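In UniProt numbering, the protein residues as written are 1 to 282.
Positions of the beta carbon are idealized from the N, C-alpha and C atoms, including for glycine.
Treat the numbers as computed from the prediction; the structure is a model and nothing was measured.
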Ligand code: DHB
Ligand code: FE
């Protein structure tokens, strides 16, 4: 059998992996009958309203039915929800936070990444392509006190926009790590700059994007989960100023506070980006 590479990634395979990851997480909270009644009624009424306002036809209704069935068959519910819905859930969940801004988690987080010290290089292939990046900063609380031993979980796509464990041929933990900050809450993570990410085009989400004349891109981004005992965990993404799609993210997950300003490193061998995290008390 020929060895598959990341370029052989398919919507169905990455969708199935993302679906399994989500199901393994478990623990969906239950809510009251009254609230389910209210939310489900209002969602269904919002759909009825669109049908009446735009005189939706039977052909369009059948196209929607076929598409919804295909989203499930392709395992693309995590991708669909995380691109078009999650950013508003994140906005509501964190609207009262005093510390750093967060952003969506997306479908490609995997817990249990290799544990690394405060000054670390992420696992990568010997010939990993891409501009070298030193991502550094400090974790503090809202009063400015350092948080020694904070954890920075980081994961990102490679120089071709693919995530390990969601595209074939990549080492299991490529460009993923769980970094423990030093006694001042500081971290220095050596990696490579990711490329913009394109939603898989060969699945149901891709079909919607082309049928609607949209583009399928997210700007290049680093994903992080930053935590410390006694503090609220922040899930965030960091973007690169001036990068493609920063102003035009299909997932609408960019915030001005999350845009990095990388500068060329002194040795000329790459870029350095500095970003600090401020955690609210839990
Ligand atoms: C999706 C992919 C991402 O890398 C991300 O950060 C958010 C959403 C997606 O395909 O749904
Ligand atoms: Fe992502």
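Do residue 268 and the ligand FE come close, with the Cβ less than 7 Å from some heavy atom?
-> Here residue 268 refers to the residue found at position 268 when the chain shown is read from its first residue. Because no heavy atom of the ligand FE lies under 7 Å away, the Cβ of residue 268 does not count as near it: no.
My understanding is that residue 82 touches residue 107, with C-beta atoms under 8 Å, so please give their C-beta distance in whole angstroms.
-> Stepping through the chain shown from its first residue, residue 82 is reached at position 82. Stepping through the chain shown from its first residue, residue 107 is reached at position 107. Sure, about 5 Å apart at Cβ, within 8 Å.
C-beta contact flag for residue 224 and residue 185 at 8 Å = Along the chain shown, one-based indexing puts residue 224 at 224. Along the chain shown, one-based indexing puts residue 185 at 185. No.
What do you get for residue 291, buried or exposed, if any count of 16 or more other CB atoms within 10 angstroms of its CB means buried?
-> In the structure as shown, the chain starts at 1 and stops at 282, and residue 291 therefore has no counterpart that could be examined.
Mind checking whether residue 96 and residue 102 have CB atoms under 8 Å apart?
-> Indexing the chain shown from 1 puts residue 96 at position 96. Indexing the chain shown from 1 puts residue 102 at position 102. Going by C-beta atoms, residue 96 is not nearer than 8 Å to residue 102.
For residue 269, which residues of its own chain have a beta-carbon under 6 Å away from its beta-carbon, when the five flanking residues on both sides are left out?
-> Taking the first residue of the chain shown as 1, we reach residue 269 at position 269. Counting only Cβ-Cβ distances below 6 Å, and skipping sequence neighbours, we find 132.
State the beta-bridge partners of residue 234 as determined by DSSP.
-> The residue given as residue 234 occupies position 234 in the chain shown. Looking at the DSSP assignment, residue 234 forms a beta bridge with 226.
Please determine if the stretch 207 to 214 and the stretch 151 to 161 are in contact, where contact requires at least 3 C-beta pairs separated by less than 8 Å.
-> no
Complete runs of the alpha helix (DSSP H) confined to the stretch 80 to 128 [at least 4 residues] = 86 to 93
Stretch pair the stretch 174 to 190 + the stretch 117 to 126: three plus CB contacts closer than 8 Å = yes
May I ask you to report which of helix, strand or coil DSSP gives residue 165?
-> On the chain shown, residue 165 is found 165 positions in, with the first residue counted as 1. Note: residue 165 maps to coil in three-state DSSP.
Grab me the residues of residue 285's own chain with a C-beta within less than 6 Å of its C-beta, minus the 5 sequence neighbours each way, in chain order.
-> The shown model of the chain, from 1 to 282, leaves out residue 285, and the question about it has no answer.
Locate the alpha helix (DSSP H) running through residue 13, then write down its first and last residues.
-> Translated into positions along the chain shown, residue 13 becomes position 13. Note, residue 13: alpha helix (DSSP H), 11 to 25.
Contact test: residue 130 Cβ vs the ligand DHB heavy atom, cutoff 7 Å = Here residue 130 corresponds to residue number 130 of the chain shown, with the count starting at 1. Because no heavy atom of the ligand DHB lies under 7 Å away, the Cβ of residue 130 does not count as near it: no.
Within the present structure, is the beta-carbon of residue 166 separated from the nearest heavy atom of the ligand FE by less than 7 Å?
-> As a position in the chain shown, residue 166 is number 166, starting the count at 1. Checking every heavy atom of the ligand FE against the Cβ of residue 166, none is found closer than 7 Å.
Backbone secondary structure at residue 149 - three-state DSSP | Here the question's residue 149 lines up with position 149 in the chain shown. DSSP places residue 149 in coil when its eight states are reduced to three.
Hey, how far is the Cα of residue 100 from the Cα of residue 6?
-> Working through the chain shown from its first residue, we reach residue 100 at position 100. Working through the chain shown from its first residue, we reach residue 6 at position 6. C-alpha separation (whole angstroms): 34 Å.
Check whether the stretch 2 to 17 touches the stretch 166 to 174, taking contact to mean three or more Cβ pairs, one atom from each stretch, closer than 8 Å.
-> yes
Enclosing beta strand (DSSP E) for residue 72 [first to last residue] = Taking the chain shown and counting its residues from 1, one reaches residue 72 at position 72. Looking at the DSSP string, residue 72 is not in any beta strand (DSSP E); the run it does join, the alpha helix (DSSP H), is 58 to 73.
Which residues in the same chain have their Cβ closer than 7 Å to the Cβ of residue 264, if we skip the five residues on either side of it in sequence?
-> As a first step, residue 264 is located in the chain shown; it is residue number 264 there, counting from the start. Same-chain partners within the cutoff: 271.
Using a Cβ-Cβ cut-off of 7 Å (strictly less than) and excluding sequence neighbours within five positions of residue 274, which residues of its own chain qualify?
-> One-based indexing of the chain shown puts residue 274 at position 274. Correct list, in chain order: 136 and 137.
Between which two residues does the alpha helix (DSSP H) harbouring residue 176 extend?
-> To locate residue 176, count along the chain shown from 1; it is residue 176. No alpha helix (DSSP H) contains residue 176, which is instead part of the beta strand (DSSP E) from 176 to 180.
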